[in-house]
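Peer 1: Residue numbers (my numbering), protein chains in the order written: chain E, 6 to 120; chain F, 4 to 117.
1. Rounded C-beta distance between residue 34 of chain F and residue 96 of chain F? I'm assuming under 8 Å.
2. Residue 84 of chain E bridges to which residues according to DSSP?
3. Considering only residues of the same chain and omitting the five flanking positions on each side of residue 8 of chain E, which have a CB-CB separation below 6 Å?
4. So what does residue 8 of chain E bridge to, in DSSP terms?
5. Given that residue 107 of chain E touches chain F, what residues does it touch there, using C-beta distances under 7 Å?
6. What does DSSP give as the partner residue(s) for residue 123 of chain E in the beta ladder?
7. Does the distance from the C-beta atom of residue 117 of chain E to that of residue 24 of chain E stay below 8 Å?
8. Does residue 45 of chain F come out as helix, strand or coil in the three-state DSSP assignment?
9. Using Cβ-Cβ distances below 9 Å, what residues of the region 45 to 56 of chain E are close to chain F?
10. Measuring CA to CA, which of E:48, E:71, E:44, E:101 is closest to residue 55 of chain E?
11. Does the CB of residue 110 of chain F have a neighbour CB from chain E at under 8 Å?
12. Just checking: is the beta-carbon of residue 60 of chain E within a distance shorter than 8 Å of some beta-carbon in chain F?
13. Please state the DSSP three-state secondary structure of residue 79 of chain F.
14. For residue 39 of chain F, count neighbouring Cβ atoms within 10 angstroms of its own Cβ and tell me buried if that reaches 16, exposed if not.
15. Could you give the distance in angstroms between the alpha-carbon of residue 78 of chain E and the alpha-carbon of residue 29 of chain E?
16. What residues from chain F crowd round residue 112 of chain E, counting only those whose CB sits closer than 7 Å?
17. Near residue 90 of chain F, which residues of its chain fall below 7 Å by C-beta distance, leaving aside the five closest residues on each side in sequence?
18. Taking DSSP as the reference, what is the three-state secondary structure of residue 108 of chain E?
19. Is the CB-CB distance between residue 92 of chain E and residue 15 of chain E below 8 Å?
20. For residue 56 of chain F and residue 50 of chain F, which I take to be in contact (beta-carbon distance under 8 Å), what is that distance rounded to the nearest angstrom?
21. Less than 8 Å between the C-beta atoms of residue 68 of chain F and residue 80 of chain F, yes or no?
22. At the level of alpha carbons, what is the spacing between residue 7 of chain F and residue 6 of chain E?
23. Suppose the cutoff is 6 Å on Cβ atoms and the five residues either side in sequence are ignored; what does the same chain contact list for residue 45 of chain E look like?
Right, dumping it as structure tokens:
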């Protein structure tokens, strides 16, 4: 069974700084997808970024980028130029390549951005 | 507004009761997923429907059931409620059943069992 581990329950950063959230996963699959979701205090789950395992190039979405290390089964999220609105819980999630499978989430990392 | 509508937003009920949570997927999305988010268990996948048919089951209790109707809205029924069922219940939808399609989540239903 696949598992997703986020080892940092809480992190804090100052505005404009860069922060990296860690995620590791365990799978025997070769093709799969990885995601980062953001859950602000409004509790809405928002897709931040996705990565396809067969693509070696790391995904980037504006200030958000990932460091995908397939051999190490690591998928970290880097947030550049942090903003107060980035304060939220961040979830790493895994989905294998078979149709009909569900997202498997890590326990989350609470990120606080202060001024 | 994500386009996925969940009602009600909050629900308080007593132990032993039965409740129904409703989800309307984003327009054009055929697949609906239900998740339970609790403090100790995190986000747990419950069940998935695609175009009216059950496609995958996760950690869903026998006291819980769901269905997806012809108009694609879905309902999650929770019965014989226990204190431990208190949680945030999310519905999500996606266009296709295949992998890689990001889910769009609703804003959740906060269930409190007293």
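Each residue gets a CB set at the ideal place from its N, CA and C atoms; glycine is no exception.
All values derive from a computational prediction rather than experimental measurement.
Peer 2: For this structure:
1. Taking the second chain and counting its residues from 1, one reaches residue 34 of chain F at position 31. Taking the second chain and counting its residues from 1, one reaches residue 96 of chain F at position 93. For a cut-off of 8 Å, the C-beta gap from residue 34 of chain F to residue 96 of chain F is around 6 Å, short enough to register as a contact.
2. The sequence position of residue 84 of chain E within the first chain is 79, counting from 1. In the DSSP output, where bridge partners are listed per residue, residue 84 of chain E has E:24, E:69.
3. The residue you call residue 8 of chain E lines up with position 3 of the first chain. The answer, listed in chain order, is 31.
4. Stepping through the first chain from its first residue, residue 8 of chain E is reached at position 3. The partner list for residue 8 of chain E (beta bridge, DSSP) reads E:31.
5. Taking the first residue of the first chain as position 1, residue 107 of chain E is located at position 102. From the beta-carbon of residue 107 of chain E, the residues of chain F found nearer than 7 Å are 36, 48, 51, 59, 61.
6. With chain E running from 6 to 120 in the structure shown, residue 123 of chain E is simply not present.
7. By one-based count along the first chain, residue 117 of chain E stands at place 112. By one-based count along the first chain, residue 24 of chain E stands at place 19. Cβ distance not < 8 Å, so residue 117 of chain E and residue 24 of chain E don't count as in contact.
8. In the second chain, residue 45 of chain F corresponds to position 42, counting from 1. Here DSSP, grouped into helix, strand and coil, assigns residue 45 of chain F to strand.
9. Taking 9 Å as the Cβ-Cβ cut-off against chain F, the residues of the region 45 to 56 of chain E that qualify are 47, 48, 49, 50, 51, 52, 55.
10. Residue 55 of chain E sits at position 50 when you count from the first residue of the first chain. Ranked by how close their Cα comes to the Cα of residue 55 of chain E, the residues E:48, E:71, E:44, E:101 have E:71 in first place.
11. Within the second chain, residue 110 of chain F is the residue found at index 107, counting from 1. Residue 110 of chain F counts as touching chain E.
12. Residue mapping note: residue 60 of chain E aligns to position 55 of the first chain, counting from 1. No, no contact with chain F.
13. Within the second chain, residue 79 of chain F is the residue found at index 76, counting from 1. Reduced to three states, the DSSP call for residue 79 of chain F is strand.
14. Position 36 of the second chain, counting from 1, holds the residue named residue 39 of chain F. Counting Cβ neighbours within 10 Å, residue 39 of chain F comes out buried, since at least 16 surround it.
15. The residue labelled residue 78 of chain E in the question sits at position 73 within the first chain. The residue labelled residue 29 of chain E in the question sits at position 24 within the first chain. C-alpha separation (whole angstroms): 6 Å.
16. For this step, residue 112 of chain E is matched to residue 107 along the first chain. 45, listed in chain order.
17. Within the second chain, residue 90 of chain F is the residue found at index 87, counting from 1. Within its own chain, the residues whose Cβ lies closer than 7 Å to the Cβ of residue 90 of chain F, once the five positions on either side in sequence are excluded, are 39, 40, 41, 114, listed in chain order.
18. Locating residue 108 of chain E in the first chain gives position 103, counting from the first residue. It is coil, neither helix nor strand.
19. On the first chain, residue 92 of chain E is found 87 positions in, with the first residue counted as 1. On the first chain, residue 15 of chain E is found 10 positions in, with the first residue counted as 1. Against a cut-off of 8 Å, the Cβ pair of residue 15 of chain E and residue 92 of chain E comes out as no contact.
20. Against the second chain, residue 56 of chain F aligns to sequence position 53. Against the second chain, residue 50 of chain F aligns to sequence position 47. Between residue 50 of chain F and residue 56 of chain F the Cβ distance is about 11 Å, and since that is not below 8 Å, they are no contact.
21. Numbered from its first residue, the second chain carries residue 68 of chain F at position 65. Numbered from its first residue, the second chain carries residue 80 of chain F at position 77. Cβ distance < 8 Å, so residue 68 of chain F and residue 80 of chain F count as in contact.
22. Locating residue 7 of chain F in the second chain gives position 4, where the first residue counts as 1. Locating residue 6 of chain E in the first chain gives position 1, where the first residue counts as 1. The alpha-carbon of residue 7 of chain F is positioned some 29 Å away from that of residue 6 of chain E.
23. Along the first chain, read from residue 1 onward, the residue named residue 45 of chain E stands at position 40. Within the same chain, residue 45 of chain E has close Cβ partners 93.
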